[in-house]
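The listed protein sequences correspond, in order, to chains A and B. For the first sequence, position 87 (counting from the first letter as 1) is numbered 77 according to my numbering, and the numbering increases by one without interruption. For the second sequence, position 77 (counting from the first letter as 1) is numbered 383 according to my numbering, and the numbering increases by one without interruption. The structure appears right after this line, and notes come after that.
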Amino acid sequence: MTTTHITQPTDREIHVERIVNASRDRVWRAYTDPKQVAQWWGRGHALDIETMDVKRGGHWRYVEHEGTGTHGFEGRYREVTPQERIVRTFEWDGMPGHVIIEDVRFEDLGNGRTKIVTTMLFHTTEERDGMFNAGMSGGMDESYSALDRLLAGTT
Amino acid sequence: MVQYSASLDTTFAAVADPTRRGILEHLGGTEASVTELAEAFGMTLTGVKKHIRLLEDAGLVRTEKIGRVRSCRLGSRRLADEAAWIAQFQQMLDARFDRLEEFLARTHGECR
């Protein structure tokens, strides 16, 4: 199992890289065929793909069912280059009007391996922090991170 | 303007060492110069500077040179919070990509 590598090139961007053992064509389908997206994007939670019109300007909306709660995510496609790149806007229902630009590129590494490079661009650092605060206090995940526990342990 | 470009790895590496956690604890109580920290931890200046640099790179400590003395204090809580946010975010992304890999492995050959 490979790992996800995350960096912050700037204070408004999050850069994510992951290599998967599948051809670029298969990864492309997993990202663009609604039936396939429904099987992995929800991280094991039930996921409804309400709409997914994979073309420039097309609307997408996913609803994830987590326990008793639901989380809606939606946006529009800004760029769709088959096999290579998907750029779309990304909004979480919990913070309507705050839009992230998600840029996903697929790099063919040969030998049936593909590198998925995702960049998430926040409008402002404050929005990114706001999303963090909402996530922390909104009950999405109440658990403190390992870092917080470590720091708490030093006092 | 605080330039924050530390990866999660940098942050975890910074707090993984007991001496560096000790330095964080010490600075939680009061500011200290590099010399004072070296004395408090029974280390050489060079040794303590190395630890301070790692903590500074992770954004967990800030240093400022006042005259001939380099003063150290805790970085902003916001940076620690950001690192915590990234940790959660990483968990979410890992879970998503793990599912993707599982899906790709499970459907091998069926989705051509």
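From the three backbone atoms N, C-alpha and C, an ideal C-beta is built for every residue, glycine too.
In this structure E69(A) is in contact with R75(A), their Cβ atoms being roughly 6 Å apart against a cut-off of 8 Å.
Apart from sequence neighbours up to five positions away, the residues of its chain that approach T114(A) with a beta-carbon distance below 8 Å are R2, ordered along the chain. Under the 10 Å beta carbon count, I372(B) is surrounded by fewer than 16 other beta carbons and is classified as exposed.
Within the stretch 329 to 346 of chain B, the residues whose Cβ lies closer than 8 Å to any Cβ of chain A are, in chain order, L330, E331 and G334. When rounded, the separation of the alpha-carbon atoms in F96(A) and T369(B) is 41 Å. Around the beta carbon of V17(A), a 10 Å sphere encloses 16 or more other beta carbons of the protein chains shown; the residue is thus reported as buried. Following the DSSP letters along the chain, one finds H357(B) in no beta strand (DSSP E) but inside the alpha helix (DSSP H) bounded by residues L351 to D363. Within the same chain, and ignoring the five residues on either side of L99(A) in sequence, the residues whose Cβ sits closer than 8 Å to its Cβ are I9 and K105.
Non-local beta-carbon contacts of Q26(A) in its own chain, meaning distances under 7 Å to residues more than five positions away in sequence, involve R19 and A20 in chain order. If you look at A20(A), you'll find it in the alpha helix (DSSP H) that goes R14 to T22. Judged by DSSP secondary structure, R66(A) falls within the beta strand (DSSP E) whose first and last residues are G59 to T71.
Counted as a single uninterrupted DSSP element, the stretch harbouring A36(A) is not any alpha helix (DSSP H) but the beta strand (DSSP E) occupying residues A36 to M42.
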